[in-house]
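Q:
Chains as they are written, first to last, in my numbering: chain R, 1312 to 1685; chain L, 15 to 109.
1) In the DSSP output, which residue or residues are listed as bridge partners for residue 74/L?
2) Alpha carbon to alpha carbon, how far is residue 1683/R from residue 103/L?
3) Buried or exposed: which applies to residue 1369/R, given that a residue is buried once 16 or more other Cβ atoms fall within 10 Å of its Cβ?
4) To the nearest angstrom, how far is the alpha carbon of residue 1679/R from that of residue 1616/R?
5) Rounded to the nearest angstrom, what separates residue 1478/R and residue 1469/R at their Cα positions?
6) Leaving out five residues on either side along the sequence, give the residues of the same chain with a beta carbon under 7 Å from the beta carbon of residue 1432/R.
7) Run down chain L in chain order and give the residues with a C-beta less than 9 Å from the C-beta of residue 1558/R.
8) Got a sec: is the Cβ-Cβ distance from residue 82/L to anything in chain R below 9 Å?
9) List the endpoints of the continuous beta strand (DSSP E) containing residue 1601/R.
10) Pull up the distance between the alpha-carbon of residue 108/L and that of residue 1440/R, whole angstroms please.
11) How would you call residue 1395/R, buried or exposed, if buried means at least 16 neighbouring beta carbons within 10 angstroms?
12) Let me make sure I understand the geometry here. Which of 1474/R, 1485/R, 1501/R has the alpha-carbon closest to that of residue 1495/R?
13) Are the C-beta atoms of residue 30/L and some chain R residue less than 9 Å apart?
14) Is the shortest distance between the beta-carbon of residue 46/L and the beta-carbons of chain R less than 9 Å?
15) Going along chain R, which residues have a C-beta under 8 Å from residue 74/L?
16) Helix, strand or coil for residue 1585/R? Go by DSSP, reduced to three states.
17) Quick one: using the 10 Å Cβ neighbour count with 16 as the cut-off for buried, is residue 1412/R buried or exposed?
18) Can residue 1605/R be considered in contact with the ligand SAH, in the sense that its beta carbon sits closer than 8 Å to one or more heavy atoms?
19) Whole angstroms are fine: how far does the CA of residue 1449/R sit from the CA of residue 1513/R?
20) Considering only the alpha carbon of each residue, which of 1573/R, 1561/R, 1358/R lies closest to residue 1625/R?
21) Would you verify that the beta carbon of residue 50/L is, or is not, closer than 9 Å to some beta carbon of chain R?
22) Relative to the C-alpha of residue 1503/R, which candidate in 1472/R, 1324/R, 1516/R has its C-alpha closest?
23) Using the beta-carbon count (16 or more within 10 Å), is residue 1417/R buried or exposed?
24) Below 8 Å, can you find three or more Cβ-Cβ pairs linking the stretch 1396 to 1410 of chain R to the stretch 1453 to 1468 of chain R?
25) Residues of chain L with CB under 8 Å from residue 1678/R, in chain order?
26) Could you tell me the distance, in whole angstroms, from the CA atom of residue 1318/R to the CA atom of residue 1385/R?
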């Protein structure tokens, strides 16, 4: 293999795939990045068995070939190379010589034959969605997923596809986030329902841009694949049945208090109130009590060892006065991601889940269980 | 020589410990299986006969009553338990 390219292209390719490089020592080959040079393209590929990422950049291929280089060393070296033209040359599978200016760096490598081949997707459905929208809906849902690996299903994001609607759902069983969006796709099946690891979704959102340019999503039986231009991202799916989340959402006819609030104002107040939690008691939640009455929302939080806070803000209240306490972190997550100037908070009782949603539409619903304060 | 003797002894100890770990692993596996079986049985019994009050008590004592995690310990309230109890509660008044 022998290629000539620009430093920026190398850095781009390496950065895209580096998150898929495995940190585990069980399979040393997976700690490497597979470089393949052909047809004036250099393709980078990395996988940790959970996800696999492939990215191609334009280069001048002098001699086609492939080689696996140690991911961590190669990434760090490439970032530190001087700007300008770089030459990569490998005469056998023993290593790669990187030539820049009048200098060179040699790094040991592995044979490309040892690198696992990328999964083949048994395609069930394929569709397109704008990158910016996908990024946003991942941000709005990833917050409510669980980190508890002993319950794998809840670490995942449920992706439901019915006709031209795509719905992402996450829950850690204390809160639930549901985001609907339109996509351009077609499926023969009535409904597609798969669970994608939320970590994968977050990685995807890091790679994609805020632009309208579409990303292609291909859902298979065991894998999902995202395709953006020259980048292909594979991920395994989480096996199992996602619990029926629709039953958990209170029926809007049971709503007893509907509060319309300015998001920024409530977010700032909640941020101040959430300071009242001691560091040494990280497991203890910071509680925030909301009291809605006569178009005024009173916010209080009290930590005996530190102090207390009291704030008031104007709201529009439809229905009964209501007092309810939330874990401030759960509330903050919702307010930061709702992306709307004003929200509705719909409450059916001080012990029933509260719903937060944008005033403009029902595309996003965030459900939080209140904290019992008795 | 003393060093090789010490190394041999250490190797033997490590092997013993590894064997012990294997035995413990088998026990843990058996206990986990038994636990799953008992959880399933308890769930079936609770659902069939003893009724709503027992479920509420179980939940209040700090255990899940939702089908997904039935009888597992819980720290915070669970959306699925609450929804399950509220569904069951329709004939029993407010929770």
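Quick reminder that beta carbons are idealized off the backbone N, C-alpha and C, glycines included.
A: According to the structure shown:
1) Bridge partners of residue 74/L: none, in fact.
2) Approximately 19 Å, taken between the alpha carbons.
3) Taking all protein chains in view, the Cβ of residue 1369/R is surrounded by fewer than 16 other Cβ atoms within 10 Å, so the residue is classified as exposed.
4) Residue 1616/R has its alpha-carbon roughly 27 Å from the corresponding atom of residue 1679/R.
5) 8 Å
6) 1529, 1531, 1534, 1536
7) 94, 97, 98, 101
8) yes
9) Note, residue 1601/R: beta strand (DSSP E), 1598 to 1604.
10) Annotation note: pLDDT 45 at residue 108/L (below 50); position unreliable, no value reported.
11) exposed
12) 1474/R
13) no
14) no
15) Within chain R, no C-beta atom comes nearer than 8 Å to that of residue 74/L; the closest sits roughly 10 Å away.
16) coil
17) Result: exposed.
18) Of the ligands one can find in the structure shown there are none, so the ligand SAH has no counterpart to examine.
19) Spanning the two alpha carbons is a distance of roughly 7 Å.
20) 1573/R
21) no
22) The shortest C-alpha separation from residue 1503/R is found at 1472/R.
23) exposed
24) Flag = no, the stretch 1396 to 1410 of chain R and the stretch 1453 to 1468 of chain R do not touch.
25) 93
26) If I take the Cα positions, the gap works out to 13 Å.
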